[in-house]
Each structure stands twice: as C-alpha cells, then as structure tokens.
C-alpha cells in the first residue's frame, strides 16, 4: 500500500483507501485539497459524505456489487465539496481480497475532470441552443415556403389557364412573361429551401414503390414547353429492360432530372436535348438495380477546368454565366447531394461548343410485382409501320419503341423519302398499316405529305399519326380536316403512344375518337366526383378549373368542418384536402372522416394539399390518414397522376380477414332506367326526389347496419337490412335487394361478407343514380 500511495502521489492522483465497510482509512493531500475536508474529518467517515445527489442509487448499487465480487470498477462521479460546490472525478476502485476471496481493502484512484465536464456541459448547452436555432430556422423556412407558395400557386396556375384561352399576340406575350418570371422565382425559392434543408441535415430520402417509365415520361413532359419555346427537340429514350416497378424516391429523382434538363435548356440555343434511362451495364442483381439516367444537350459546353466546380455551392462555370443565364448556382449542388444520399454518383462529360452530357447513377430496389407485361401488344405483332422524321434521334427512339411491341418499323428522314417509300411498298405488295409523321420537317412537312396522299389515294390507306415537338394553334383542326387519326406532342409518354396506336388502329375496347390526342386519351379515363376542401378563393378557382379540364366534377368546401359535412351528405370519389384551413384544418377533418368510416364500412381516398415543402410534410399527411400528398403550386401532371390512381376502396371494419372479400367483381349489377321510370309513372320530379332521399339516407342506414353487425345485435341487423331492402325496391335492383334480404333472414350468421358486398353494391348504385341524374336521359333541375 505504501508503494501504491507513493505511485499515486507521484502521478498527482486523488487517492483514498477504505476498509471493507467503506470507511476511509487513508487520504492523500490531493484528496483533502479537492474535497476541502481536513484529513482528520475524513478518516473514519464513509465516502457518502461526498455524495452530490446527482447519481441515482442504482449507480452506487452496481458499483458495490462489482467491487464486492473482486472486480475493478471505473466510472465518472460527481461529488460535493465541504463548501457545497461540486467537482467531477474519473474514479478507479481496486478491491484487495483475502484468502477466502472477501474484500479487505478498497483503493480508489481518482483524477480531477471538473474542467473537462464543464467544457462538455458548455458544448451540450451550445448544441441544444444550436438545435433550437435550427428548429426555429426550419419552422421559419416552412412558414416562408407556405407564405410564398400560396400566392405563387395563384400566379402560376392562373397564367397557365389564361394562356389556354383566346389571346391576341401582345396579351400572350405579356402573360407568357409573367409565367416565365413566376417559374423562375419558384425555382429560386425551391433551391434556397432545399439547400437550407440539406445544410441543416433535414433532407431525407423516401423508399416507395413507383413506375420509373411513368415517372420519367411525366417529368420530361412537364418541362417540354420550355424546350419547345426555344425551338429545341426534347427527346426521351427509356430502355425496355428497366423493371416496371422499383422502390426509391421518385420525387427526388424527378427533382434531379428536372434540374439537369432545365440547365440543358438554359445553356442550349439550338439543337436537341436527349434524356436516356437504362440499367447499369452487367447489372443482374436479383434485388437491386443501378438506374442510369443521362441528359445530353448541344449547348455551350463546359471548359475542362470548370467541370468539377459546377457541382459546388453557388457555383457556375463563371460569373458571366450567372449574369447572362440567371439562377442561384445551387441546382447541381442539391442534385449531387441527393444522388449521394441514394448511394449514387453524378458526373459530366463536356466539350466547349459541342454540348454536355450529365450522367446520374443511383441504386434502387426491385419491387416484387414485375411479372405482368406493361403493354399487351399481341395484336400489333408484325405490323408494318413507316416512321418519318428529320431528326435521327427521334427516329431511333420511335423505332425502338415500335420494335419493343414486335412491330416492323421502317424509318425515313424526309417527306419526299416517305412518298417514295410508300410508292415502293405499294408496288411490292408490302403496304404499311400505320404512318407516324413528324409535322415540322424541311421541304415537304408532315401536312404536305398527307395532302399529297389525299390527292394520290392509291399510295396508302393506312391511318396516319402526326407527332410534333412544337404544337401550334390550328394544328388539331387541320388534322381533323385532313382525316389524320392522331396528333401527339413530343416528348410523349410511352403509354400515350401505345394508347394512340391502339385507338388509331381500332384495337382498343373504347370507341375510336375522331382525333386521338393526349387530351382525348386522358379524358377517356374515368370521370371523378371530387370534393375540394380549400379556404383560399384563388386556389379554389385554380384547382376547380384544373379538375374540370380533366373532365372531373368538383364541389368546394371552405374549411374542414364544411368538408366533413359535405362528405357525410354527398357522394364523392375523392377529397382534395388543404392542410391549413380555419375552424378545422385538413388533418382534423381527415381524422374525423376516417373515424366515421369505421362505422360506415367505406373508405374514400384523401389527397393532402399543402404549401409547406419541408421534410416530413408527406409523412405527416399519411400519419393523419391521408392517402397522398401534393405541394402547391399544384403541378398539373402530378395532379393527373394522383387522380389516375384513385380507386375508392371498401374498408373492412372488422379487422383484416383474407377470407372476407367483396363480391363486386363477380356480380354484374344492372340498372334498368325505363323500368324505374315506369314504376314512378314517368315522373321526372319524383325520380329526382327519390334519388335525393336515397343519396341522403343510405349512408346513415348503412353505417347503422355496420355498427349492428359489429356489435352482433341481431334485432338491429334485421331492422337495418329490412330498411335498406325497402329503400332499394323503388329502383328495381333485385340483385342488390337479395343481398339485403339475405342479411335480414340469416339469423345468427356471419354477415360480414354480405355486408361488404352490400357496401360495394350501394356504392355502384349511387354512381349509377348520379350518372343518370346528370345525363340527358332524365332532365332534372339542380
């Protein structure tokens, strides 16, 4: 012990020795100095006299258990001095054991770490202050986002609507400049917000299932107008080997691609921009894929010594570039950070005066459901198609798509070559079944080719599809006049081209349209009845007009309370729910609707609308029961995608049970309008009144029946089913009445499957009644 004390003293340590009961036998001078207790006051006392009260009793219990078993204990201890102040020591306690393995002495060696703990405390407090400041910054950015995006939504949306109206040249120029300026301002705002989120470590990456083909097509389509306004060809080439469903963050991928295309448009005065997507070469992993996306342009190019700096914050190739082309210089920085978060990389190949190609590669997961073919193209196999386009890249992409559907395309680069090829094919007995013509070509353009064919009908009788990168007012009317079958703007979605080909050749189940366009393809989709919950009058008008352009019916609710009330008393396919509203916000309204649905047995899709673009906004929408999420300003393509995905689904109020399934798919209900009108003496007003009563009362009766089944209340089940059956009798739908009767008569049975079938059937009937009320078959006043 004497040698140990000497060693400890030499090392300037704080040393004490205690007996097996913990009473102090010895302390060195350093111990008395730091504790402020004289040695005579310490000897014979317990170390507990130094207890600061900072540590819980379990802390010392673990210490005594360790040293009592002969183990060395080490830890940091906060003690109290004689004057009441505190100090910290890093303590090591070594037990000395007798022959029986019982402790006889405890030697404690301590070092003073008070200063270090003070520094750590200061750092911790600084960290808390920094986190609070960061949170305040995030809150400020979220509010700033909301305050800026709300008026921007009105400016951008209304100018888009105005540009779709009849305007003179001067008006179109002025409104176009407003739209361009608003888009530029929104881009700057988005860049600053995203950069702030990245710097604060608040940017996250989602992992959701999506279709890469649709994402790419929709992304390129949204920016196509900017390219066409500069006279640039914007082309999209998607490798058919890419899986139909993958898991990743489509929103962030879209942001990266839009930034790269936007830069390409900005720095390209003439020529083309090509977006290509493919799989990483040699990628055969069963679970993950390397998705490679490149954006090539024929623009000004980037000097070799500047190709690395453009990926740094606030950097462009040089300051004159910023002055000439504008922008924050943050776009590529943000894209680079996003790509890195997806375990990918981004690089550029460029030569001054010859353009640039940006390459992005990200790691994504394959989805499990990729078995079903994306396009059922069996009827197109071996069809001869003539592709006419003066742009070599366009011809290459079109040929690749057609070959993917097992068609037999032949491509030429001019109108004159097209006419010559049609003449050769006619003489050889190898007529073409379809012509794909580019509108804008030198010498003889697409319309010129069609006019020649109309004066020489023996050349071909094949239907003609016009494809153009620059749609002009009057083109559609001219197509109708010349008997052209379809007119699509490039870059078109692969699905749109396929639908147009099928419609043009009369192979689609739908009625053939007089002129197939992207809009007629969209409008052929199911029309929805939409409840729009929005308090801002400008946003109400904008969203209503956009939805009506897609062929949907819209009813507006000014706040969450009104939205819940309208949903209870109406019949809708979808709710677009603004998050920030007075009286009851979108979150509260959604929660109320979801709670009521548990009784009614139905579930309506709810898409959140918010001007907050911060991380977590989507997650918060989902957490409150919403099914989707759109930011303002509303992107028309994103809105269209959300609407296309809407399918009202039934909610099982009894929990998940795979054996309980809807019979809606296997039963075909029929609504005989003439018979119903006969039952009502052909009284249109009576029919209107009965429909109104049914639509108003059936949800309440259905909810009551669902609750009775959930509670196994036999009497209420019979009463509820009987009431619904009587209500159905006036509409002569025996198949549905039979379901209600079955529920009424089967006492003690498990009614859950029948109740689900009734939910589906009544939903169908409501849609039928609304359809007939709003059609010309029955003239009713609103």
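Numbering (my numbering), first residue to last: 1085 to 1866. Glycine included, each C-beta is placed from N, C-alpha and C at the ideal position. From a predicted model like this one, the values you see are computed outputs, not experimental measurements.
For residue 1429, the enclosing beta strand (DSSP E) starts and ends at 1429–1435. Going by DSSP, residue 1803 is part of the alpha helix (DSSP H) stretching over 1798–1813. Looking from the CA of residue 1475, the closest CA among 1483, 1100 and 1849 belongs to 1483. The residues 1361 and 1444, in chain order, have a CB closer than 6 angstroms to that of residue 1377 in the same chain once the five nearest residues on each side in sequence are set aside. Taken through DSSP and simplified to helix, strand or coil, residue 1295 comes out as coil. Rounded to whole angstroms, residue 1190 and residue 1449 show a C-alpha spacing of 59 angstroms.
Annotated as distal: residue 1263 and residue 1251, with beta-carbon spacing of 9 angstroms or more.
Ranked by how close their Cα comes to the Cα of residue 1544, the residues 1569, 1441, 1503 and 1182 have 1503 in first place. Taking 8 angstroms as the upper bound for CB-CB distance, residue 1232 and residue 1273 are in contact here, some 5 angstroms apart. Per DSSP, residue 1468 lies in no alpha helix (DSSP H) segment; the continuous beta strand (DSSP E) that holds it begins and ends at 1468–1472.
In the assembly as shown, residue 1148 is an exposed residue. Its beta-carbon has fewer than 16 other beta-carbons within 10 Å. Straight-line measurement puts the Cα of residue 1353 at about 13 angstroms from the Cα of residue 1440. Counting along the chain, the unbroken beta strand (DSSP E) around residue 1170 starts and ends at 1170–1181. The region 1295–1304 makes contact with the region 1328–1343; the number of CB pairs closer than 8 angstroms reaches 3 or more. According to the DSSP secondary-structure assignment, residue 1330 is paired through a beta bridge with 1294 and 1450. Ranked by Cα distance from residue 1683, the first of 1840, 1128 and 1386 is 1840. By the beta-carbon neighbour count (other beta carbons within 10 angstroms, threshold 16), residue 1258 is exposed.
If you look at residue 1536, you'll find it in the alpha helix (DSSP H) that goes 1530–1539. Distance check between residue 1688 and each of 1468, 1447 and 1654 places 1654 closest, using alpha-carbon atoms only. The alpha-carbon separation between residue 1569 and residue 1346 amounts to approximately 33 angstroms. Note that the region 1804–1817 touches the region 1777–1785; at least 3 beta-carbon pairs, one per stretch, sit closer than 8 angstroms. When the five nearest sequence neighbours on each side are left out, the beta carbons in the same chain lying within less than 7 angstroms of the beta carbon of residue 1671 are those of 1663 and 1708, in order along the chain. Close CB contacts of residue 1126 within its chain, under the 6 angstroms cut and outside five residues either way in sequence, are with 1108 and 1111 (chain order). In this structure the region 1209–1216 does not lie against the region 1162–1178, because fewer than three pairs of beta carbons, one per stretch, are closer than 8 angstroms.
Under the three-state reduction of DSSP output, residue 1120 falls in the coil class, being neither helix nor strand. Straight across, the Cα-Cα distance linking residue 1676 with residue 1245 is about 34 angstroms.
Residue 1755 has its alpha-carbon roughly 49 angstroms from the corresponding atom of residue 1375.
Residue environment for residue 1463: exposed (fewer than 16 other C-beta atoms within 10 angstroms of its C-beta). Take the alpha-carbon of residue 1420 and the one of residue 1507: they are about 53 angstroms apart. DSSP links residue 1640 through a beta bridge to 1616.
Under DSSP, residue 1522 forms a beta bridge with 1551. In the three-state DSSP reduction, residue 1396 falls in the coil class, being neither helix nor strand.
In the same chain as residue 1348, and ignoring 5 residues on each side of it, the C-beta atoms closer than 6 angstroms to its own belong to 1357, 1379 and 1381, in chain order. Residue 1100 carries a strand assignment under DSSP once its states are collapsed to helix, strand and coil. Taken atom to atom, the span from the alpha-carbon of residue 1849 to that of residue 1582 is near 33 angstroms. Our two residues, residue 1385 and residue 1393, have alpha carbons roughly 14 angstroms apart in a direct line.
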